[in-house]
Every structure is written in C-alpha cells, then in structure tokens.
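Data first, discussion second: the structure below is written as structure tokens.
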Amino acid sequence: MTGFWYRTIASLAALALVGALLPGPVAVAAGPLRVGGAVLEPVDLEALQGFPGTEAAAALDAFRRTCAAPPVEIAPTVTGSAEDLAAACARAASAKPQEAGSFFVRNFDAYRIVRPGEAGGPPRRTGFLTGYFEPELTGDLSAGPGFSTPALARPDDLVSLGPGETRPGLDPALRAARATRTGFEPYPDRATIEDGGIGERARPLVYLRDPVDLFVLQVQGSGRVRLPDGRAVRVLYDGRNGRPYTSVAKLIVQAGHLPLEGLTLPRWTGWLRANPELAKPLMRANASYIFFRLAEVEDPSLGPPGAAGIPLTPGRSLAVDSSLWRYGTPFWLEGRIAGEDAAGRLVVAADTGSAIVGPARGDLYLGTGEAAGIAAGNLRDPVGFVVLLPKPRTSPSGSPAAAGAP
Numbered sequence: 001m002t003g004f005w006y007r008t009i010a011s012l013a014a015l016a017l018v019g020a021l022l023p024g025p026v027a028v029a030a031g032p033l034r035v036g037g038a039v040l041e042p043v044d045l046e047a048l049q050g051f052p053g054t055e056a057a058a059a060l061d062a063f064r065r066t067c068a069a070p071p072v073e074i075a076p077t078v079t080g081s082a083e084d085l086a087a088a089c090a091r092a093a094s095a096k097p098q099e100a101g102s103f104f105v106r107n108f109d110a111y112r113i114v115r116p117g118e119a120g121g122p123p124r125r126t127g128f129l130t131g132y133f134e135p136e137l138t139g140d141l142s143a144g145p146g147f148s149t150p151a152l153a154r155p156d157d158l159v160s161l162g163p164g165e166t167r168p169g170l171d172p173a174l175r176a177a178r179a180t181r182t183g184f185e186p187y188p189d190r191a192t193i194e195d196g197g198i199g200e201r202a203r204p205l206v207y208l209r210d211p212v213d214l215f216v217l218q219v220q221g222s223g224r225v226r227l228p229d230g231r232a233v234r235v236l237y238d239g240r241n242g243r244p245y246t247s248v249a250k251l252i253v254q255a256g257h258l259p260l261e262g263l264t265l266p267r268w269t270g271w272l273r274a275n276p277e278l279a280k281p282l283m284r285a286n287a288s289y290i291f292f293r294l295a296e297v298e299d300p301s302l303g304p305p306g307a308a309g310i311p312l313t314p315g316r317s318l319a320v321d322s323s324l325w326r327y328g329t330p331f332w333l334e335g336r337i338a339g340e341d342a343a344g345r346l347v348v349a350a351d352t353g354s355a356i357v358g359p360a361r362g363d364l365y366l367g368t369g370e371a372a373g374i375a376a377g378n379l380r381d382p383v384g385f386v387v388l389l390p391k392p393r394t395s396p397s398g399s400p401a402a403a404g405a406p
C-alpha cells in the first residue's frame with residue numbers, strides 16, 4: 001500500500017506538468033484529470049490484477065508497430081502528449097521481449113477510466129468491449145455467374161472531412177461531401193448509390209456473391225477476397241459517403257424477425273440471405289456506404305491497416321474513440337474477455353469506428369476468417385478500461401523521467 005500511495009501522490013504532483021501537455025477535453029485545474037466526461041483515477045500499474053497478462057511481448061510488438069506508423073490526421077481534442085509518446089516509442093526500440101511488462105511500467109502512468117453513474121447512481125468503473133474481424137469472402141475481378149455484386153472504388157467527387165472539419169451549408173454531422181461546380185452537397189445515401197445515382201463514378205473493383213457479402217465487408221470496413229485462381233486480395237477501406245451508420249442487426253430485432261439472444265453474425269446474415277425482399281429495405285436503412293481500394297496480402301498473420309495506418313494485430317489492436325485517444329496509446333482491459341481465464345489484456349489503440357464513442361468504449365480486432373468472425377460476434381463484454389499515458393519526459397524537478405533503461 002505504501003508504494004501505491006507514493007505513486008499516487010507523485011502522479012498528482014505531476015498533474016500540472018502533464019496538463020500542459022494534454023490538449024483536448026481534459027480538465028486538470030482544481031481536480032483530477034477528466035476525459036470525455038470521465039475521471040482518470042490514478043492506479044498502480046504493477047498492482048493491477050494479472051498485469052501485464054499473457055504474451056506481453058505481443059503487446060510490445062503491437063506498440064512498436066504503431067510507433068512506426070506514418071503520420072495521420074487526428075482530432076485536436078485527443079488526450080496525451082505526442083512528444084512523450086514519441087519518447088516512449090524511442091525507448092521501446094531497445095526493450096527485450098522478456099522486459100515487455102517492465103517497459104510499460106517504467107514508461108507509462110496508469111489511470112482507470114471512471115464515468116459518472118446513471119441517474120445519480122454510483123460511478124461506473126466498467127465500459128463496453130466488442131470485437132471485429134476481417135471477413136474472408138469469395139469473389140472475382142470480373143462480373144460473372146455467381147459474382148454479381150460490385151464493391152466500388154472511391155469516386156473522384158467524394159470529399160472526406162477530417163475531425164472537426166465542416167463545409168458551408170452542410171450538416172456538421174456529415175463526415176463527407178460531394179464536390180460540385182457550385183460548392184458542396186451531401187453525398188448520396190446507400191439506396192441512391194445502389195440505384196445508380198453516382199453514374200459512371202461507380203467503378204467496380206471486385207465482384208462478390210451477393211449484397212449481403214458486400215454489406216458484411218462494409219460493416220467490417222475491409223476484408224480478404226479469395227479469387228477463382230486461389231489468390232487472395234485485400235479490399236481496404238478508402239472512404240465513406242459520410243452518412244450516419246445504422247445497425248441492421250438491431251433493426252432485425254426491433255422488427256421482430258429474430259430475438260436478441262443468440263444474435264450472431266452468421267445468424268442475422270443468414271436471415272438476410274433467406275429473406276431478400278425484407279432484407280433490401282433493412283440494409284438500405286443504413287444510409288452509410290463504404291468505398292474501397294485493392295491491395296496485396298503482404299503478411300497473412302496481420303490484419304488490414306487500421307486508422308493509424310499500420311496492419312492490425314489480432315487480439316492486440318483496439319479501435320477507440322479517435323476524438324479522445326491518440327493512436328499508439330496502450331490500454332489495460334480489466335476482466336475476463338470472451339470467457340478467457342486471463343484477468344486482463346494489454347492492447348494498443350490503432351483504429352477507430354463510427355460506433356466507437358466515449359472514453360470507455362473499445363472494439364478489439366480478433367483476426368481474419370470465419371473463426372475470428374464468430375469470436376467477434378460473441379464479444380460483448382463489460383470490462384474495465386485503464387489507459388496508459390506516457391510519462392512526461394521531464395519530471396517536476398526538471399530531471400528526465402524514466403530516462404535510461406526502457
């Protein structure tokens with residue numbers, strides 16, 4: 001306990017310095033750190049049950065991979081110092097696999113994310129974790145018998161809007177626009193695009209079996225497509241029409257077609273295929289539409305590039321709210337994830353998603369193919385979120401923090 005309180009006091013004493021380096025929705029003055037309405041409660045990283053978990057070296061590898069990512073546009077509201085994270089990245093280069101746990105202890109301060117209680121209830125110390133995966137589908141580069149549904153390339157009149165960016169006359173909630181001769185307008189929705197509303201700008205990249213396969217590909221954001229000659233190509237996210245996302249699985253339940261209990265991906269997609277007349281308007285109720293690009297499968301053990309720009313690591317890459325958290329930020333997920341025996345898991349923020357909103361909300365990438373899809377569909381767990389923020393490069397006394405050994 002003495003060590004815990006010493007670290008807590010030291011962390012609180014450093015808040016003034018840390019606050020100067022934490023842009024965005026973080027309140028430091030006269031109180032604890034706050035992010036997105038949640039309090040960051042200092043905790044002793046070494047005292048967390050199960051930390052650093054099994055295969056901590058895999059988390060270190062995922063962290064290094066994210067460190068090597070090319071610069072990407074991020075929201076100005078993200079939490080954490082880019083300079084301090086870069087310093088931790090530099091030290092990670094010399095960390096040995098067996099030192100993975102001690103590397104994170106030496107270079108990061110841990111904070112449990114605690115949200116206000118609902119209706120005046122007690123504070124909430126758990127968030128919500130789901131899973132996602134990379135589907136592997138069958139397709140062809142040309143239309144033909146059995147392959148009639150095209151996955152489209154990004155149109156040349158699509159303008160994607162960055163975090164916080166808007167265009168005159170557009171609803172600020174829209175995240176993309178259509179460039180016209182007179183300015184910008186909302187990009188067509190799913191139904192309009194499917195009915196030929198973008199004309200010759202609808203350029204097919206690859207043809208899939210049916211509209212449900214395309215819908216799954218768009219929901220997941222990317223996938224592998226196995227071609228008739230046995231080759232596999234990656235179909236990667238390359239923009240969206242900016243319209244809001246609506247969960248079709250939720251609509252199926254609301255309409256009374258399937259019960260919520262046991263609603264797995266194979267079950268609701270199977271229902272869509274078995275009921276094409278009912279399925280079409282339900283899928284079109286999701287106005288969001290995703291466009292793609294093709295790429296080679298360079299390393300089959302890794303997933304597609306996430307929003308951070310680097311390949312996702314199965315079981316270690318986490319999609320987060322990119323308006324709150326910086327890519328490369330490690331998290332300790334407290335709890336038994338998907339029924340595993342481990343008490344927690346060390347992961348790294350490397351992706352985002354339109355449904356991932358809030359400081360204690362995450363989507364864990366679980367891999368490629370059918371088994372990963374089943375695991376992802378079953379992962380809907382309340383877990384604790386502990387964020388690891390890089391220690392300041394300079395301590396309150398002016399000496400380097402965590403200098404020397406990684």
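In full-length UniProt numbering, the protein residues as written are 1 to 406.
Positions of the beta carbon are idealized from the N, C-alpha and C atoms, including for glycine.
Here the structure is a predicted model, which is why all the values come from computation and not from measurement.
Complete runs of the alpha helix (DSSP H) confined to the segment 96-145 [at least 4 residues]: 100-107
Got a sec, what are the start and stop residues for the alpha helix (DSSP H) W268 sits in? L265 to A274
Please specify which runs of the beta strand (DSSP E), each continuous and at least 3 residues long, are wholly inside the UniProt domain "Lytic transglycosylase MltA" (136-293), giving them in chain order. 136-140, 149-152, 158-160, 176-180, 183-185, 204-208, 223-226 and 232-240
Of the residues A308, T313 and I374, which one's Cα is nearest the Cα of I74? A308
Mind checking residue 407: buried by the 16 CB within 10 Å criterion, or exposed? There is simply no residue 407 to check, as the chain begins at 1 and stops at 406 in what is shown.
On the criterion of 16 or more Cβ atoms from any shown chain inside 10 Å, does T182 qualify as buried, or is it exposed? exposed
Would you identify the three-state DSSP class for R91, choosing helix, strand or coil? helix
In whole angstroms, what separates the C-alpha of T352 from that of R293? 19 Å
If contacts are defined as beta-carbon pairs under 8 Å, then D109 and L366 qualify, I think. What distance do you get, rounded to the angstrom? Actually they are not in contact, since the Cβ atoms of D109 and L366 sit about 29 Å apart, beyond 8 Å.
Classify K96: buried if its beta carbon has 16 or more other beta carbons within 10 angstroms, exposed otherwise. exposed
Let me confirm a value: V383 is counted as buried when at least 16 other C-beta atoms fall within 10 Å, else exposed. Which label applies? buried
Could you compute how far the alpha carbon of G262 sits from the alpha carbon of L214? 23 Å
If I follow the unbroken beta strand (DSSP E) through F63, where does it start and stop? Element bounds for F63: not the beta strand (DSSP E) but the alpha helix (DSSP H), A56 to C67.
For D210 and F147, I'd like the C-alpha separation in whole angstroms. 7 Å
To the nearest angstrom, report how far apart A69 and A92 are at their CA atoms. 14 Å
Apply the 10 Å Cβ neighbour rule to D363 and answer buried if 16 or more other Cβ atoms are within range, or exposed otherwise. buried
Is it true that the segment 112-120 meets the segment 186-202, where meeting means three or more beta-carbon pairs spaced less than 8 Å apart? no
Go ahead and label residue 412 buried or exposed: buried means 16 or more other beta carbons lie within 10 angstroms of its beta carbon, across all protein chains shown. As displayed, the chain neither begins before 1 nor continues past 406, which places residue 412 out of reach and without an answer.
Given 8 Å, three or more beta-carbon pairs between the segment 325-340 and the segment 214-224: no
Go ahead and label P42 buried or exposed: buried means 16 or more other beta carbons lie within 10 angstroms of its beta carbon, across all protein chains shown. buried
Work out the CA separation of T130 and A376 for me, nearest whole Å. 7 Å
For L208, count neighbouring C-beta atoms within 10 Å of its own C-beta (all shown protein chains included) and say buried if the count is 16 or more, exposed if not. buried
Since G344 and L48 should fall inside the 8 Å C-beta cutoff, what is the C-beta to C-beta distance between them, to a whole number of angstroms? 7 Å
Option in R243, R34, G53 and G164 with minimal Cα separation from V105: G53
Could you tell me the distance, in whole angstroms, from the CA atom of T149 to the CA atom of W271? 18 Å
Please give the ranges of any beta strand (DSSP E) in the segment 305-368, keeping only runs that are unbroken, at least 3 residues long and fully inside the region. 317-319, 330-334, 344-351 and 361-368
Reduced DSSP category for L389 - H, G, I as helix; E, B as strand; rest coil: strand
With distances taken between CB atoms, is the gap from residue 407 to A173 smaller than 9 Å? Not covered by the structure: residue 407. The range shown for the chain is 1 to 406.
Test item: CB-CB of N241 and R190 under 9 Å: yes
So who's on the other strand from V383, going by DSSP bridges? G127
Less than 6 Å between C-beta atoms, sequence neighbours within five positions excluded: which residues of the same chain meet that for A349? L318, V320, W325, Y327 and T329
Run through DSSP, which three-state label would E46 get? helix
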